[in-house]
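**Q** Below is a structure I'd like to ask you about.
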Amino acid sequence: MSFFQEAYQVSIGQGQFSAITGNQANNTYNHYIIERQKKKRGKYDEFPNIQRGRVRRIKDLDHKESYGFFNSRLQKYEEFRVERTISTAKIHGDSSSSSFTVVSYKGQDAQKAWKKEFREFSEATNTTKMQLFGINRSSVPLLVFHGELVPLYHFLGGLGVLGQGYAHTLASNVCCESEAWIDLAQGTLIRGVEGHARHLYYFKFKTVGTLPSSASEFLDEDVCFRYMSRLSLVKKFDREVIDRLSWGRLNQEFVPTVSPIINRPYILSTKTNSIIAVGSAVWLARGPLGLRDRVLMPDGRTRFTLPAQIGIGTFSLSAYEWHSRVAWHSHASSVFNRLGIPLDDDLSSYELILPSEPLCGSVRYNSEQRPTIYLFVPICLPFELELDTHTWSFDENGRTPIPRHHCKDLGLPTKLERHGVKSKIFSWPSETYKTIHKWQTARGFDPTTTDFAHYLGYGPATWEVMPSESSRFEELCAAGPSEGSTFAESPCKNDQGQSMIGSIWSAITAPLTYAADEDSNISAALM
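What the sequence shown shows, in my numbering, is residues 764 to 1290, in sequence order.
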């Protein structure tokens, strides 16, 4: 056998052999079982990665050169140096052809800003917030949200007055003013990434609670009117509505003038240059002294109470503009009806004039062991500068004034500084008067009466109608200079001057009554 070549003296017993010839190689194989561990899903894996090249921007909605936020953990305001742009976009390859809202970040703090807003919206669990669809974590990161979303402030210019109030009230219930967005597909208002602030809450209805989140309620002014007019009767709410309606189409001027009346509002017909109605005055106190507890007295005076603590400080008094505007519009339909003025006339020719002469004074008194002191300001200031503009009294009804010498001992001013008359002039188009007329009807009142005004807390003599022709007024004017001379040199006097003067004087000297209103800021004393 070949493997015994050149062998000798070999003895082989029972056995079996295998012979392998040629070159040989021995190989050793090790076998391993490899188990590949699955990677744990992270928070970013919950959303698909959207390549920037697949995003086609259709329209830019908002752009910020810098982006700031309040860090609640550090309790301070921080600002990101980042350009943030929000756009409506399409995603290439999306079979649904849906629209998306894309937020892109570029700049030094792009990643920080992106992560902050990702944390805020990646865990949305309901329909009241923007819903995240996809992300991009490149050097110019993106957040891609479902749907075509539009900032609320984009709609403000096209909303009616009530629609604005509704939208602002609804926004305040959902989020802060700069975070309000409208989902166009769903027609609802939602909370989203912060955009530009537009001071949305100026027209918020403070007395209205929960409102439907449907945008259709405020995008259509007629729908909004019908909905809001069916809400329960609440005085403060109706005052807010009248305030919004009258403010929304305001034409205002502020001019120094010589007025036939000081600190009482009146309505002037610019067609005839005659006064058709005179309103009651309400004084507003300001200043560090803190005059408080304003009360409108039966004789038309306004009463304030000095604070109980030691009083050292200044104060100022001026006509209360808001009261005059709302009071006039609550009475306007009934005034026009009594004078035979149809609503189809050009009502912008009737101006509400608010002549105001601010009064200023300073007090230095010690209230220890002294009774309460009241300040009384008349319904209309005298034209003569040397005449008293006010009285002080320990009597809450003001029947017994504190003598002048005693006022000086108490540190109470006997003369208040007068700064001259300035007038605010308001006018509104017929449409505004018609809308308020319609609102009164929808709320269940007859606009030709003063019922609505009384419901709001404005008494029967809040506005006195001045007939255009009245022998009684002319007799008052002709009775002597003691009554008419106050206005004898008024620039408002014209061919109808005598009648106008008599009308004004009659209104000023007429006794006034007021209805108490527990909901009003103006408390009232009954006759």
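We put the beta carbon where it would ideally sit given N, CA and C, even for glycine.
Compare the beta carbon distance of Ile1030 and Ile1038 with 8 Å and say whether it is the shorter of the two.
**A** Position 267 of the sequence shown holds residue 1030. Position 275 of the sequence shown holds residue 1038. Against a cut-off of 8 Å, the Cβ pair of Ile1038 and Ile1030 comes out as a contact.
**Q** Would a C-beta distance cut-off of 8 Å place Leu905 and Val818 closer than the cut-off?
**A** Numbered from 1 along the sequence shown, position 142 holds the residue referred to as residue 905. Numbered from 1 along the sequence shown, position 55 holds the residue referred to as residue 818. Yes, Cβ-Cβ distance for Leu905 and Val818 is below 8 Å.
**Q** Pull the bridge partners of Ser867 from the DSSP assignment, please.
**A** To locate residue 867, count along the sequence shown from 1; it is residue 104. According to DSSP, Ser867 bridges with Thr848 and Leu905.
**Q** Could you work out which residue in Ser829, Gln838 and Asp1151 is closest to Arg844 when comparing CA atoms only?
**A** Position 81 of the sequence shown, counted from the first residue, corresponds to residue 844. Ranking Ser829, Gln838 and Asp1151 by Cα distance to Arg844 puts Ser829 first.
**Q** Would you mind stating whether Arg1049 and Ser1079 have Cβ atoms separated by less than 8 Å?
**A** In the sequence shown, the residue the question calls residue 1049 occupies position 286. In the sequence shown, the residue the question calls residue 1079 occupies position 316. Result yes, Cβ atoms of Arg1049 and Ser1079 sit closer than 8 Å.
**Q** Use the C-beta contact count for Thr891: other C-beta atoms within 10 angstroms, 16 or more gives buried, fewer gives exposed.
**A** Counting from 1 along the sequence shown, the entry for residue 891 is found at position 128. That one is exposed.
**Q** Just to confirm the assignment, what range does the alpha helix (DSSP H) spanning Val924 have?
**A** Sequence index remark: in the sequence shown, residue 924 carries index 161 (1-based). For Val924, the enclosing alpha helix (DSSP H) covers residues Val924 to Val937.
**Q** Taking DSSP as the reference, what is the three-state secondary structure of Pro811?
**A** If you number the sequence shown from 1, residue 811 lands on position 48. In this structure, DSSP gives Pro811 a state outside helix and strand, which the three-state scheme calls coil.
**Q** When you compare the CB positions of Arg1064 and Phe1139, do they come within less than 8 Å of one another, or not?
**A** On the sequence shown, residue 1064 is found 301 positions in, with the first residue counted as 1. On the sequence shown, residue 1139 is found 376 positions in, with the first residue counted as 1. For Arg1064 and Phe1139, yes; Cβs fall inside 8 Å.
**Q** Round the Cβ separation of Ser901 and Arg815 to the nearest angstrom and send it over; I've been treating them as touching at under 8 Å.
**A** Residue mapping note: residue 901 aligns to position 138 of the sequence shown, counting from 1. Residue mapping note: residue 815 aligns to position 52 of the sequence shown, counting from 1. With a Cβ gap of about 6 Å, Ser901 and Arg815 count as contacting.
**Q** For Ala1090, count neighbouring C-beta atoms within 10 Å of its own C-beta (all shown protein chains included) and say buried if the count is 16 or more, exposed if not.
**A** As a first step, residue 1090 is located in the sequence shown; it is residue number 327 there, counting from the start. Buried is the call here.
**Q** Since Thr1212 and Ser1111 should fall inside the 8 Å C-beta cutoff, what is the C-beta to C-beta distance between them, to a whole number of angstroms?
**A** Numbered from its first residue, the sequence shown carries residue 1212 at position 449. Numbered from its first residue, the sequence shown carries residue 1111 at position 348. Actually they are not in contact, since the Cβ atoms of Thr1212 and Ser1111 sit about 24 Å apart, beyond 8 Å.
**Q** Going by C-alpha distance, which of Asp1151, Ser1009, Ala930 and Gly805 is nearest Glu1194?
**A** Within the sequence shown, the letter at position 431 stands for residue 1194. Closest option to Glu1194, Cα to Cα, is Ser1009.
**Q** Check the DSSP bridge columns for Pro1118 and list the partner residues they point to.
**A** Position 355 of the sequence shown, counted from the start, is the residue given in the question as residue 1118. DSSP, once it has assigned bridges, lists Ser1186 as partnering Pro1118.
**Q** Measuring CA to CA, which of Met1229, His959, Tyr929 and Ser867 is closest to Arg1101?
**A** Looking up residue 1101 in the sequence shown gives position 338. Per the Cα distances, Met1229.
**Q** Going by DSSP in three states, Trp1191 sits in which element: helix, strand or coil?
**A** Your numbering for residue 1191 matches position 428 in the sequence shown. The answer is coil: DSSP assigns Trp1191 none of H, G, I, E or B.
**Q** Taking the straight line between their C-alpha atoms, what separation do you get for Glu883 and Ile1005?
**A** Walking along the sequence shown from the start, residue 883 turns up at place 120. Walking along the sequence shown from the start, residue 1005 turns up at place 242. Between the alpha carbons of Glu883 and Ile1005 lies a gap of roughly 39 Å.
**Q** Assign Arg1027 to one of two classes, buried (16 or more other C-beta atoms within 10 Å of its C-beta) or exposed (fewer than that).
**A** Residue mapping note: residue 1027 aligns to position 264 of the sequence shown, counting from 1. By the neighbour-count rule (16 or more Cβ atoms within 10 Å), Arg1027 is buried.
**Q** Please report the distance separating the alpha-carbon of Thr1198 from that of Glu984.
**A** Residue mapping note: residue 1198 aligns to position 435 of the sequence shown, counting from 1. Residue mapping note: residue 984 aligns to position 221 of the sequence shown, counting from 1. Computed Cα separation, rounded: 11 Å.
**Q** First and last residue of the alpha helix (DSSP H) that includes Arg993?
**A** Taking the first residue of the sequence shown as position 1, residue 993 is located at position 230. Looking at the DSSP string, Arg993 is not in any alpha helix (DSSP H), and its letter there is neither H nor E.
**Q** Which value, in whole angstroms, describes the spacing of the CA atoms of Arg804 and Ser860?
**A** Within the sequence shown, the letter at position 41 stands for residue 804. Within the sequence shown, the letter at position 97 stands for residue 860. Rounded to whole angstroms, Arg804 to Ser860 spans 29 Å at the Cα level.
**Q** Report buried or exposed for His1168, applying the criterion of at least 16 other Cβ atoms within 10 angstroms of its Cβ.
**A** The count along the sequence shown starts at 1 and reaches residue 1168 at position 405. Its Cβ having fewer than 16 others within 10 Å, His1168 is exposed.
**Q** Please list, in chain order, all residues of the same chain as Glu809 whose beta carbon is under 8 Å from its beta carbon, the five residues on each side excluded.
**A** For the purposes of this step, residue 809 is taken as residue 46 along the sequence shown, with counting starting at 1. Excluding residues within five positions, the ones whose Cβ falls inside 8 Å are Ser885.
**Q** Hey, Leu915 and Ala934 are a contact pair by Cβ (cut 8 Å); roughly how many whole angstroms apart?
**A** Counting from 1 along the sequence shown, the entry for residue 915 is found at position 152. Counting from 1 along the sequence shown, the entry for residue 934 is found at position 171. About 6 Å separates the Cβ atoms of Leu915 and Ala934, confirming a contact at the 8 Å cut-off.
**Q** Which one of Val903, Gly1103, Thr848 and Asp1151 has the shortest CA to CA distance from His959?
**A** By 1-based counting over the sequence shown, the position of residue 959 is 196. Nearest option by C-alpha distance: Thr848.
**Q** Work out the CA separation of Glu1227 and Arg1235 for me, nearest whole Å.
**A** Along the sequence shown, read from residue 1 onward, the residue named residue 1235 stands at position 472. Along the sequence shown, read from residue 1 onward, the residue named residue 1227 stands at position 464. Here Arg1235 scores only 35 on pLDDT, less than 50, and its place in the model is too uncertain to base an answer on.
**Q** To which residues does DSSP link Gln1015 through a beta bridge?
**A** Residue 1015 sits at position 252 when you count from the first residue of the sequence shown. Answer is Phe1189, bridged to Gln1015.
**Q** Which residue's Cα is closest to the Cα of Val1018: Leu1117, Leu1059 and Gly921?
**A** On the sequence shown, residue 1018 is found 255 positions in, with the first residue counted as 1. Considering only alpha carbons, the answer is Leu1117.
**Q** Starting from Lys1171 and walking both ways along the alpha helix (DSSP H), at which residues does that stretch end?
**A** Translated into positions along the sequence shown, residue 1171 becomes position 408. Residues Arg1167 to Leu1173.
**Q** Return helix, strand or coil for Ser1096, following the three-state DSSP convention.
**A** If you number the sequence shown from 1, residue 1096 lands on position 333. Ser1096: helix per DSSP, three-state reduction.
**Q** May I have the straight-line CA-CA distance separating Glu846 from Ala876, to the nearest angstrom?
**A** Locating residue 846 in the sequence shown gives position 83, where the first residue counts as 1. Locating residue 876 in the sequence shown gives position 113, where the first residue counts as 1. When rounded, the distance between both Cα atoms is 10 Å.
**Q** With a CB to CB cut of under 6 Å and the five nearest residues on each side skipped, what residues in its chain are close to Ile1069?
**A** For the purposes of this step, residue 1069 is identified with residue 306 of the sequence shown, where counting begins at 1. Checking the sequence, you will find Leu at residue 1069 rather than Ile. Excluding positions up to five away in sequence, the list reads Ile1136.
**Q** State the start and end residues of the unbroken alpha helix (DSSP H) segment that holds Phe1215.
**A** Here the question's residue 1215 lines up with position 452 in the sequence shown. First-last of the alpha helix (DSSP H) with Phe1215: Asp1214 to Leu1219.
**Q** What span of residues does the beta strand (DSSP E) with Ala943 cover, start to end?
**A** In the sequence shown, counting from the first residue as 1, residue 943 sits at position 180. Start and end: Ala943 to Asp946.
**Q** Could you tell me which residues DSSP puts in a beta bridge with Asn1160?
**A** Position 397 of the sequence shown holds residue 1160. For Asn1160, which the question treats as bridged, DSSP gives no partner whatsoever.
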